[in-house]
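Going down the list, the sequences are from chains D and A. For what it's worth, the working numbering labels the leading residue of the first sequence as 1, then goes sequentially. For what it's worth, the working numbering labels the leading residue of the second sequence as 1001, then goes sequentially. Built from N, CA and C at the ideal position, the CB exists for glycine as well. To start, the structure under review is shown below, and the notes come after it.
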Amino acid sequence: MSSAGGTKKILIVDDEPDVVSYLEMLLHDKGYETVSASNGREGIEVAKREKPDLVTLDVSMPEASGTRFYKDFRSDAELASIPVIIVTAVTGYGGDKYGYEKFLSGRRLVPPPDGFFPKPIEPEPFLKAIAELLAD
Amino acid sequence: MTPDFGLTADGPGNDMLDAASREWLRQHLFNEVPVAISVISPDFRIVEGNRRFTEEYGEWKGRECYEVYKGRSERCKRCAAAETFADGKIRTREEEGTYRHGGKSHYLVQMLPIIQPDGKIPYVIEMSTDITQVKKLEHEKREAQRLAAVGETVAGIAHGIKNVLMGLEGGLYAVNTGIEQEDDDRIARGWMMVEENVTRISNFVMEFLDFARGREATVSMADPAKPVREVVELFVERAAQSGIYLDVHIKEGIASAPLDEEGIHTCLANLISNAIDACTFSERASDHVVSVSLREEDGVLIYEVMDDGQGMDYEVSKKVFSKFFSTKGSDHGTGLGLLTTKKIIHQHGGQISFTSEEGKGSTFTIELPRDDLPELEPDTEKKGDQTSSEPIV
């Protein structure tokens, strides 16, 4: 990918500036480089330009939503193999925190996401999942 | 025994039932349909009843319909049978009754005249269908919808709060790690995040409370154009600052109507504010037009707010009126605007709908049929302002 053996680059897609700041701090503190986008459309542009090693994705955003981003991302030959972790406050039926993950995983046209973290995230498992996905 | 309704069998034709089969059908249909049927004479006596009728109402021979159906000793005040005897029209209405073993029942009652060739009406047929179960299902469905709405609301609140919580945790993380790393900038940034999110959560709570409490609608005879003019005046400057032209069309001579003026004002303000946002978010930088109009068609007041902004994609358009749905990110609204608008329009007996095309713009239409508008409180009836068509902008 972008950084052979060097710093890994993570793309944060979220329309909440505070969430972006928080994730940036968490990831910088672990030595990752970050880039960000505030909606799905911008997310695709940044992904193509920056070639990140991993993406964290919010679901409900203005312009193009996360679901749309995910579908476009997974069907783009250039981007499809980059791991995507969903970070969302979307709640499923009956308050199911993982409802959206089940929804996405149930789509036959796209593979399930590589990770799923309901907001507010727990930093440790979140960082652990990223470290595992980036260790190859 | 079945009545002779004056139908004469013409004998079996090539594509007709033979007389015996018709007779069989008449007898069996009359007795087997799951509907209580009686035949009433002009002096309100029941002269015939089918099996279901006999089962439900007991002995009827020679008794008056009001006695058998309602247990009354004199004729009903609004007697549907008398009306049908008089004008020969079929009548349908819903009525409540009581089962013989107790419990409320609902009936769909139909009055059918038997009309002779000379136009005389010798009998009226009363058919009552028990729709108690249907009514019960209707009620259960409404209740389920209400509960689903509550569920959606809770999910919406949770969504908003979770983003705020994440902002607060981010702020705390920045303050804590800032202290560890002796990084004053980071501490300051974290503290700002905490402050911002505390403000956000307070605003959230205030808006929820306002929405939950709702406001008392004050209905008075009002000029339907007045709220349009007021709201446009309110937004003209904000629109101009964003390079948006606010265009107003008010049809002349629209009569006053019983309206909750403040409510309509709120609705239009929400729609115009959304339209301006849609233009601001649009990729095309300038020369946007938001057009607001009022007209009347066939006794329906029609308010329309049209923009040539970003429009909505399919996913967004599905959620427009759902609770707390917002695409505007942290700095704008809680997603209550359109929900409140819908609530106010429904209070007026009206409808709100929209069309939208991604990248081209959206049009929101409020339709208020005059017949369904709320009734005036007896002492609030006053003449509204004179309608005018003066352009505002």
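Chain C contacts made by the region 1186 to 1197 of chain A, where a contact means CB separation under 9 Å: Looking for chain C here will not work: the only protein chains present are D and A.
7 Å Cβ cut-off: residues of chain A touching residue 89 of chain D: 1159, 1162, 1163
Selection from A/1302, A/1017, A/1144, A/1311 that minimises the alpha carbon distance to residue 1254 of chain A: A/1302
Residues of its chain near residue 1031 of chain A, where Cβ-Cβ distance is below 6 Å and the 5 sequence neighbours each way are ignored: 1050, 1051
Residue(s) in a DSSP beta bridge with residue 1364 of chain A: A/1305, A/1354
Opposing strand residues paired with residue 1091 of chain A [DSSP bridges]: A/1111
Three-state secondary structure assigned by DSSP to residue 1054 of chain A: helix
CA-to-CA distance, residue 1248 of chain A to residue 1291 of chain A, given in whole angstroms: 6 Å
Chain-ordered neighbours of residue 1174 of chain A on chain D, where CB pairs are closer than 8 Å: 21, 22, 25
Contact with chain A by residue 42 of chain D, beta-carbon distance below 8 Å: no
8 Å Cβ cutoff met for residue 58 of chain D and residue 13 of chain D: yes
Any 3 or more C-beta pairs closer than 8 Å across the region 1219 to 1239 of chain A and the region 1197 to 1211 of chain A: no
Same chain only: Cβ atoms within 6 Å of residue 33 of chain D, ignoring 5 sequence neighbours per side: 7, 9
Residue 13 of chain D - containing beta strand (DSSP E), residue span: 9 to 13
CB contact check: residue 119 of chain D to chain A, cutoff 8 Å: yes
DSSP beta-bridge partners of residue 37 of chain D: D/13
For residue 1241 of chain A and residue 1306 of chain A, the rounded distance between their alpha carbons: 19 Å
Selection from A/1083, A/1046, A/1082 that minimises the alpha carbon distance to residue 1068 of chain A: A/1046
Contacts that residue 1177 of chain A makes with chain D (C-beta to C-beta distance below 8 Å): 25, 29
Which of helix, strand or coil DSSP assigns to residue 54 of chain D: strand
Between the CA atoms of residue 1144 of chain A and residue 1131 of chain A - distance to the nearest angstrom: 20 Å
Residue 1169 of chain A at chain D interface by Cβ criterion, 8 Å: yes
Sheet register partners of residue 1129 of chain A (DSSP bridge): A/1108
CB contact flag (residue 67 of chain D, residue 85 of chain D, <8 Å): no
Best match in A/1084, A/1374, A/1108, A/1106 for proximity to residue 1120 of chain A [C-alpha to C-alpha]: A/1084
CA-to-CA distance, residue 49 of chain D to residue 39 of chain D, given in whole angstroms: 15 Å
As assigned by DSSP and simplified to three states, the class of residue 88 of chain D: strand
For residue 1281 of chain A, three-class secondary structure by DSSP: helix
Beta-carbon contacts of residue 1238 of chain A that lie in its chain and below 7 Å, excluding the five residues immediately before and after: 1276
Within-8 Å CB hit, residue 1166 of chain A to chain D: yes
Cut-off 8 Å between Cβ atoms - residues of its own chain near residue 1081 of chain A, not counting five sequence neighbours on either side: 1040, 1044, 1065, 1111, 1124, 1126
Below-8 Å beta-carbon distance, residue 72 of chain D vs any chain A residue: no
DSSP state of residue 1221 of chain A mapped onto helix, strand, coil: strand
N-terminal and C-terminal residue of the alpha helix (DSSP H) that residue 123 of chain D is part of: 123 to 134
Proximity test, Cβ basis, 8 Å: residue 16 of chain D and chain A: yes
Cutoff 8 Å: residue 1274 of chain A Cβ touching any chain D Cβ: no
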